[in-house]
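**Student:**
There are 2 protein chains.
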Amino acid sequence: MVGQKLARKLAADGDIGGEAISELILQDIVEPADVEAAFPVTRMTGNIAAAGEAEKLAALKADVIYLLAAIVSGEAEQDFDKGWNVNARGTWELLEAIRQVGEGYRPKLVFSSSIAVFGAPFPPRIPDDFFSTPLTSYGAQKAMGELLITDYSRKGFIDGVSLRLPTVCVRPGKANLAASSFFSGIIREPLNGKEAILPVADTVRHWFASPRATAGFLTHAAELNLDMLDNRRALTMPGLSCTVAEQIEALREIAGEEVVKRIKHQPDDAIIAIVRNWPENFEARRAEALGFVAESDFRQIIRIYIEEDLEKA
Amino acid sequence: MVGQKLARKLAADGDIGGEAISELILQDIVEPADVEAAFPVTRMTGNIAAAGEAEKLAALKADVIYLLAAIVSGEAEQDFDKGWNVNARGTWELLEAIRQVGEGYRPKLVFSSSIAVFGAPFPPRIPDDFFSTPLTSYGAQKAMGELLITDYSRKGFIDGVSLRLPTVCVRPGKANLAASSFFSGIIREPLNGKEAILPVADTVRHWFASPRATAGFLTHAAELNLDMLDNRRALTMPGLSCTVAEQIEALREIAGEEVVKRIKHQPDDAIIAIVRNWPENFEARRAEALGFVAESDFRQIIRIYIEEDLEKA
Chain A
224 MVGQKLARKL
234 AADGDIGGEA
244 ISELILQDIV
254 EPADVEAAFP
264 VTRMTGNIAA
274 AGEAEKLAAL
284 KADVIYLLAA
294 IVSGEAEQDF
304 DKGWNVNARG
314 TWELLEAIRQ
324 VGEGYRPKLV
334 FSSSIAVFGA
344 PFPPRIPDDF
354 FSTPLTSYGA
364 QKAMGELLIT
374 DYSRKGFIDG
384 VSLRLPTVCV
394 RPGKANLAAS
404 SFFSGIIREP
414 LNGKEAILPV
424 ADTVRHWFAS
434 PRATAGFLTH
444 AAELNLDMLD
454 NRRALTMPGL
464 SCTVAEQIEA
474 LREIAGEEVV
484 KRIKHQPDDA
494 IIAIVRNWPE
504 NFEARRAEAL
514 GFVAESDFRQ
524 IIRIYIEEDL
534 EKA
Chain B
224 MVGQKLARKL
234 AADGDIGGEA
244 ISELILQDIV
254 EPADVEAAFP
264 VTRMTGNIAA
274 AGEAEKLAAL
284 KADVIYLLAA
294 IVSGEAEQDF
304 DKGWNVNARG
314 TWELLEAIRQ
324 VGEGYRPKLV
334 FSSSIAVFGA
344 PFPPRIPDDF
354 FSTPLTSYGA
364 QKAMGELLIT
374 DYSRKGFIDG
384 VSLRLPTVCV
394 RPGKANLAAS
404 SFFSGIIREP
414 LNGKEAILPV
424 ADTVRHWFAS
434 PRATAGFLTH
444 AAELNLDMLD
454 NRRALTMPGL
464 SCTVAEQIEA
474 LREIAGEEVV
484 KRIKHQPDDA
494 IIAIVRNWPE
504 NFEARRAEAL
514 GFVAESDFRQ
524 IIRIYIEEDL
534 EKA
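Those protein sequence lines, which keep their order, are chains A and B.
Per our numbering, residue 224 is the first one in the first sequence, and the count goes up by one each step.
Per our numbering, residue 224 is the first one in the second sequence, and the count goes up by one each step.
#1: Identify each residue in the stretch 368-386 of chain B for which the Cβ-Cβ distance to at least one residue of chain A is less than 8 Å, and report them in chain order.
#2: What does DSSP give as the partner residue(s) for phenylalanine 334 of chain B in the beta ladder?
#3: Identify which residue in A:Thr265, A:Arg312, A:Gly241, A:Ala234 has its Cα closest to the Cα of glutamate 254 of chain A.
#4: Can the beta-carbon of glutamine 489 of chain B be found closer than 9 Å to that of isoleucine 420 of chain B?
#5: Is proline 347 of chain B close to chain A, meaning its C-beta is less than 9 Å from at least one C-beta of that chain?
#6: Applying a beta-carbon distance threshold of less than 9 Å, which residues of chain B neighbour glycine 313 of chain A?
#7: So does the stretch 498-517 of chain B actually touch the stretch 452-464 of chain B, counting three or more Cβ pairs closer than 8 Å?
#8: Quick test of your reading: histidine 443 of chain B and threonine 390 of chain B, contact by CB under 8 Å. State the CB separation rounded to the nearest angstrom.
#9: Helix or strand or just coil, what does DSSP make of glutamine 489 of chain B?
#10: If you compare alpha carbons, which of A:Gly226, A:Pro263, A:Asp304, A:Asn310 is closest to glycine 237 of chain A?
#11: Phenylalanine 505 of chain A CB to nearest chain B CB: under 9 Å?
#12: Could you list which residues in chain A have their beta carbon closer than 7 Å to that of glycine 342 of chain B, in chain order?
#13: Taking beta-carbon pairs under 8 Å, can you tell me which members of the stretch 295-308 of chain A lie near chain B?
#14: Below 8 Å, how does it come out for the stretch 330-341 of chain A and the stretch 345-358 of chain B: are there three or more Cβ pairs, yes or no?
#15: In whole angstroms, what is the alpha-carbon distance linking alanine 457 of chain B and isoleucine 381 of chain B?
#16: Please state whether the Cβ-Cβ distance between glutamate 518 of chain A and alanine 432 of chain A is less than 9 Å.
#17: CB-CB under 7 Å to isoleucine 494 of chain A, same chain, minus the five flanking residues each way: which ones, in chain order?
#18: Between which residues of its own chain and glycine 514 of chain B is the CB-CB distance below 7 Å, once the five residues before and five after are set aside?
#19: Could you tell me which residues DSSP pairs with isoleucine 495 of chain A in its beta bridges?
#20: Whose Cβ in chain B lies nearer than 7 Å to the Cβ of leucine 358 of chain A?
#21: For lysine 365 of chain B, is the classification buried or exposed, using 16 other Cβ atoms within 10 angstroms of its Cβ as the cut-off for buried?
#22: Using only the alpha-carbon positions, how far apart do serine 296 of chain B and asparagine 308 of chain B sit?
#23: Which residues mark the beginning and the end of the alpha helix (DSSP H) in which leucine 370 of chain B is found?
#24: According to DSSP, is glutamate 242 of chain A helix, strand or coil?
#25: Under the three-state reduction of DSSP, which class applies to leucine 447 of chain B: helix, strand or coil?
#26: What number of angstroms, rounded off, separates the C-alpha of valine 214 of chain A from the C-alpha of isoleucine 244 of chain A?
#27: I need the straight-line Cα distance from asparagine 500 of chain A to alanine 343 of chain A, nearest angstrom please.
#28: Which runs of the beta strand (DSSP E), 3 residues or longer, sit entirely within the stretch 251-275 of chain A?
#29: Determine the contact status of leucine 358 of chain A and arginine 377 of chain B, defining contact as a CB-CB distance below 9 Å.
#30: Identify the residues that DSSP records as bridge partners of cysteine 392 of chain A: which are they?
#31: Is the beta carbon of serine 336 of chain B less than 9 Å from the beta carbon of glutamate 369 of chain B?
#32: What does DSSP give as the partner residue(s) for leucine 249 of chain B in the beta ladder?
#33: Residues of chain A with CB closer than 7 Å to the CB of serine 355 of chain B, please, in chain order.
#34: I'd like the span of the alpha helix (DSSP H) that includes leucine 463 of chain B, first residue to last.
#35: Skipping 5 residues on each side, what residues in its chain have a beta carbon closer than 6 Å to that of glycine 269 of chain A?
#36: May I ask whether a heavy atom of the ligand GTP can be found less than 8 Å away from the beta carbon of serine 407 of chain B?
Now the structure itself:
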């Protein structure tokens with residue numbers, strides 16, 4: 224989903240930092256959706272962890288590489304081998320294949336990391352210099368990716384940066400099995416005339432950015448002079464810290480009480496236990512100083528969903 | 224060197240946490256020195272990163288595993304492939320081989336990490352929750368090892384802990400090519416009637432523990448109930464923060480002015496530049512609360528060298 228938003232933004236922008244995009248190559252495990260653009264768009268299908276795949280991708284010698292591919296949190300937790308193979312080994316193999324190209328090839332590489340590199344207990348606002356203590360295999364794999372990106376960059380093989388993305392909200396499309404699914408569901412489903420289940424108390428606080436802001440983080444990262452990062456190439460992205468009650472209040476203001484009534488509170492102990500260990504708030508000072516921008520009000524996040532995705536549903 | 228100190232301590236102790244040691248198996252890339260003990264000692268030679276080696280070691284089904292093997296900092300920086308292969312891939316392969324043993328096999332595993340997981344700039348005293356920002360490949364590889372140890376432990380495949388060891392001082396034996404070599408050299412060489420070069424200003428501050436304290440960290444770690452660590456299984460070990468001037472003053476008190484005169488100040492810009500990025504001081508509160516103990520005075524460190532290693536030189 225983030226990849227599609229990014230591809231459409233690149234098509235709309237037409238350039239990265241003033242340099243015209245000459246070609247866009249999309250690869251995913253399933254065939255990527257087409258994107259209309261003024262430049263050629265090539266779509267490829269492949270598993271980044273399969274033999275020969277990293278070499279094939281590196282041989283394309285793209286100037287900018289977005290590495291968003293990942294087994295998601297829940298699946299990586301259930302399938303230990305798959306998560307470590309794709310998220311960790313796949314990332315490492317791509318970096319190594321890039322290094323093996325040689326001939327001075329040093330692409331800019333933007334890696335989608337996650338706030339899952341952090342694990343409870345947390346301070347009230349997690350500072351930029353807080354340690355990585357993942358409580359999931361997914362988080363550990365992302366943290367390992369960050370270490371690799373930084374060391375391959377320091378050695379001059381890539382020019383990389385890892386962006387720790389907030390929870391993307393409102394996700395378009397259908398609910399999925401992720402424990403975080405309800406944060407989008409309680410907004411999306413009522414706006415589409417459907418019922419939504421809220422499995423946690425409305426005092427739960429979490430860290431959000433819209434799909435639009437997330438795509439913006441990715442394009443902004445590719446435009447930065449990453450040498451400014453001084454070998455600290457993992458950045459916590461800015462976001463909006465708000466409670467479920469604040470989410471619901473914003474929905475009420477925008478769509479009215481009848482829409483809000485479609486949210487049913489149905490406590491789920493399993494989800495409550497998982498969400499209890501999730502981060503609530505960050506400082507993200509470094510990223511803000513570098514010009515990364517997220518929403519500052521949950522109403523903006525809802526309006527972006529209505530503008531970009533509601534009509535298509 | 225740390226491995227030998229540890230092996231001798233295990234032989235002297237005869238037990239780990241009250242449980243008698245029935246056998247000690249030593250493996251190194253070169254044949255390990257023999258150790259006299261009341262239990263059988265097996266010595267093996269092998270490269271942990273070679274094919275089949277991790278499986279061979281895991282098949283021994285040791286109850287306690289000390290993973291000290293590593294390409295040192297300087298060599299890992301010069302030989303990118305070798306460092307990543309041995310320090311990172313070798314560690315991963317050993318953990319994976321242990322997991323593949325199955326049948327409920329879940330050894331205690333003590334991994335020697337390093338303060339090299341931290342990179343400047345630092346706060347005056349680095350707290351336990353400070354982030355890992357390695358500035359060397361060696362540091363990145365150790366940080367990756369920590370992530371693996373923690374995730375394999377969380378999933379129940381091992382019961383592991385990573386100890387971030389201080390700079391070991393006074394190292395016995397000959398000077399080596401490590402940039403940190405002089406911290407031991409300025410004590411060891413004068414005590415042995417030889418000249419020593421001090422390549423940095425005597426205001427440089429660093430973080431030390433004796434070989435004896437270091438072996439003590441390793442045995443203590445194997446005796447702990449690691450579930451207390453609550454999935455934060457990387458621990459900064461306690462140490463002594465002191466300046467080179469304090470080192471020299473301690474040497475003067477113990478050995479006199481004539482011995483101190485054997486230290487020649489000969490500034491080396493390359494070493495000055497490297498050492499500038501090294502940590503000076505830590506809080507290490509978690510490890511102290513868990514009963515890990517280091518020296519509190521540099522004179523103790525010198526006396527330990529004189530007791531344990533000077534006569535053998």
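C-beta atoms are modelled at their ideal positions from N, C-alpha and C, and glycine is treated no differently.
Just so we're clear, the structure is a prediction, and the values are computed from it rather than from any experiment.
**Tutor:** Judging by the given coordinates:
#1: Against chain A - using a Cβ distance shorter than 8 Å - the residues of the stretch 368-386 of chain B are Leu370, Leu371, Thr373, Asp374, Arg377, Lys378.
#2: In DSSP, phenylalanine 334 of chain B forms a bridge with B:Leu290, B:Ser385.
#3: Minimum Cα distance to glutamate 254 of chain A is reached at A:Thr265.
#4: Cβ atoms of glutamine 489 of chain B and isoleucine 420 of chain B: closer than 9 Å.
#5: Interface flag for proline 347 of chain B against chain A is unset, since no Cβ pair is found closer than 9 Å.
#6: What glycine 313 of chain A touches in chain B: nothing, since even the nearest Cβ is about 14 Å away.
#7: Because the criterion of three Cβ pairs below 8 Å is met, the stretch 498-517 of chain B and the stretch 452-464 of chain B touch.
#8: Rounded, the Cβ-Cβ distance is 19 Å, inconsistent with contact.
#9: It is coil, neither helix nor strand.
#10: When only C-alpha atoms are compared, the closest one is A:Pro263.
#11: Taking 9 Å as the threshold, the shortest C-beta distance from phenylalanine 505 of chain A to chain B does not fall below it.
#12: Under the 7 Å cutoff, chain A gives Asn454.
#13: Sequence-ordered contacts of the stretch 295-308 of chain A with chain B read Phe303 [C-beta pairs closer than 8 Å].
#14: Here the stretch 330-341 of chain A does not lie against the stretch 345-358 of chain B, with fewer than 3 beta-carbon pairs under 8 Å apart.
#15: One C-alpha to the other measures close to 14 Å.
#16: Contact flag set, yes.
#17: Ala402, Pro422, Val423.
#18: Cβ neighbours of glycine 514 of chain B beyond the five flanking positions: His443.
#19: Per the DSSP secondary-structure output, isoleucine 495 of chain A pairs with nothing in a beta bridge.
#20: Under the 7 Å cutoff, chain B gives Asn454.
#21: Label assigned to lysine 365 of chain B: buried.
#22: The alpha-carbon atoms of serine 296 of chain B and asparagine 308 of chain B are separated by roughly 14 Å.
#23: From DSSP, the alpha helix (DSSP H) with leucine 370 of chain B extends over 360-377.
#24: Of the three classes helix, strand and coil, the one that applies to glutamate 242 of chain A here is strand, per DSSP.
#25: Reduced to three states, the DSSP call for leucine 447 of chain B is coil.
#26: There is no way to answer for residue 214 of chain A, as the model of chain A reaches only from 224 to 536.
#27: Looking at the two C-alpha atoms, the distance is approximately 5 Å.
#28: Unbroken beta strand (DSSP E) runs of no fewer than 3 residues, entirely contained in the stretch 251-275 of chain A, are found at 264-268, following chain order.
#29: Yes, they are a contact pair.
#30: Per DSSP, none; premise fails for cysteine 392 of chain A.
#31: A distance below 9 Å separates the beta carbons of serine 336 of chain B and glutamate 369 of chain B.
#32: As DSSP reads the structure, leucine 249 of chain B sits in a beta bridge with B:Arg266.
#33: Neighbours of serine 355 of chain B on chain A, chain order: Phe354, Ser355.
#34: It is not in any alpha helix (DSSP H) - leucine 463 of chain B instead sits in the beta strand (DSSP E) that spans 463-466.
#35: Around glycine 269 of chain A: Gln250, Glu276.
#36: The ligand GTP is absent from the structure shown, which contains no ligands of any kind.
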